[in-house]
Amino acid sequence: MYGRLDRMIMDSVAMAMFVFTGTLFLFFFSVYLPNYACSTKVNSTLDIPKQIPFFHDNNIKVQQISAGLYHNAVLSSNGEIYTWGCGKFGQIGNGFTADALEPVHINAQFGEDKFVTVKCGSFHTVALTSSGCVYCWGKNNRLQCLKALSDIILTPRSIIHDIDIALHHHQKKSNTVVADIFAGTFCMSFYLKV
Numbered sequence: 001m002y003g004r005l006d007r008m009i010m011d012s013v014a015m016a017m018f019v020f021t022g023t024l025f026l027f028f029f030s031v032y033l034p035n036y037a038c039s040t041k042v043n044s045t046l047d048i049p050k051q052i053p054f055f056h057d058n059n060i061k062v063q064q065i066s067a068g069l070y071h072n073a074v075l076s077s078n079g080e081i082y083t084w085g086c087g088k089f090g091q092i093g094n095g096f097t098a099d100a101l102e103p104v105h106i107n108a109q110f111g112e113d114k115f116v117t118v119k120c121g122s123f124h125t126v127a128l129t130s131s132g133c134v135y136c137w138g139k140n141n142r143l144q145c146l147k148a149l150s151d152i153i154l155t156p157r158s159i160i161h162d163i164d165i166a167l168h169h170h171q172k173k174s175n176t177v178v179a180d181i182f183a184g185t186f187c188m189s190f191y192l193k194v
């Protein structure tokens, strides 16, 4: 079709996204799936894969994909994150609680640090940078983002200080770094490399 199948994911609402050689496609099986989760306007099932034009039109190669309940995230080959879908709990990360029909570039100040992975929980998003910094945003009513500041975090917030406190509490070595992240329905976890 378009080349090699790189990745495929399915979310809990019967939508699938897959990447053929850096190009993102989607299809879904439920007429109940909101349009904003699909980055396309359709009113029926999509049983033939459809390319998401935003990434092709902007010459963005997709490296990684992740799906929350009604939002999605993409990591580009140059280490940038794009999100779209339901924004009710800030999970898009653009500072608003509005839905995003088109992918939104997560425009935060990270210096030379690039993202290396992104994961979606049901209503929150977690990202890891090349230096091992962890950022989280979205619904936080159960401390999914390890911050007790508010129930909703609208933009990426570093949680490395919280991780350092947890490591110190468990008497881990100070040279421990976060190697990978995971996002669950109401949680976030990380894999440490010592």
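For the sequence shown, my numbering begins at 1 and goes up steadily by one.
Ideal Cβ positions, reconstructed from N, Cα and C, are used throughout, including at glycine.
These figures come from a predicted structure and were not determined experimentally.
Delimiting residues of the beta strand (DSSP E) encompassing residue i
{"i": "D57", "result": "Taken as a continuous stretch (DSSP letters only), D57 belongs to no beta strand (DSSP E), being part of the alpha helix (DSSP H) at P53 to D57."}
{"i": "N72", "result": "H71 to S76"}
{"i": "L143", "result": "Element bounds for L143: n/a, residue is neither H nor E."}
{"i": "Q64", "result": "V62 to A67"}
Straight-line Cα distance separating residue j from residue i
{"i": "N141", "j": "H56", "result": "36 angstroms"}
{"i": "S122", "j": "V134", "result": "18 angstroms"}
{"i": "T83", "j": "I52", "result": "13 angstroms"}
{"i": "W137", "j": "S131", "result": "19 angstroms"}
{"i": "Q144", "j": "N59", "result": "33 angstroms"}
{"i": "H105", "j": "I92", "result": "9 angstroms"}
{"i": "K61", "j": "G79", "result": "10 angstroms"}
{"i": "N126", "j": "I153", "result": "The question names Asn, yet the displayed sequence has Val at residue 126. Each residue's alpha carbon lies about 12 angstroms from the other."}
Residue from the options whose Cα sits closest to the Cα of residue i
{"i": "S77", "options": "P156, V178 and V116", "result": "V116"}
With 16 other Cβ atoms within 10 Å as the buried cut-off, status of residue i
{"i": "G111", "result": "exposed"}
{"i": "V177", "result": "exposed"}
Simplified DSSP assignment, three categories, for residue i
{"i": "E102", "result": "strand"}
{"i": "G138", "result": "strand"}
{"i": "T185", "result": "coil"}
{"i": "S158", "result": "strand"}
{"i": "K193", "result": "strand"}
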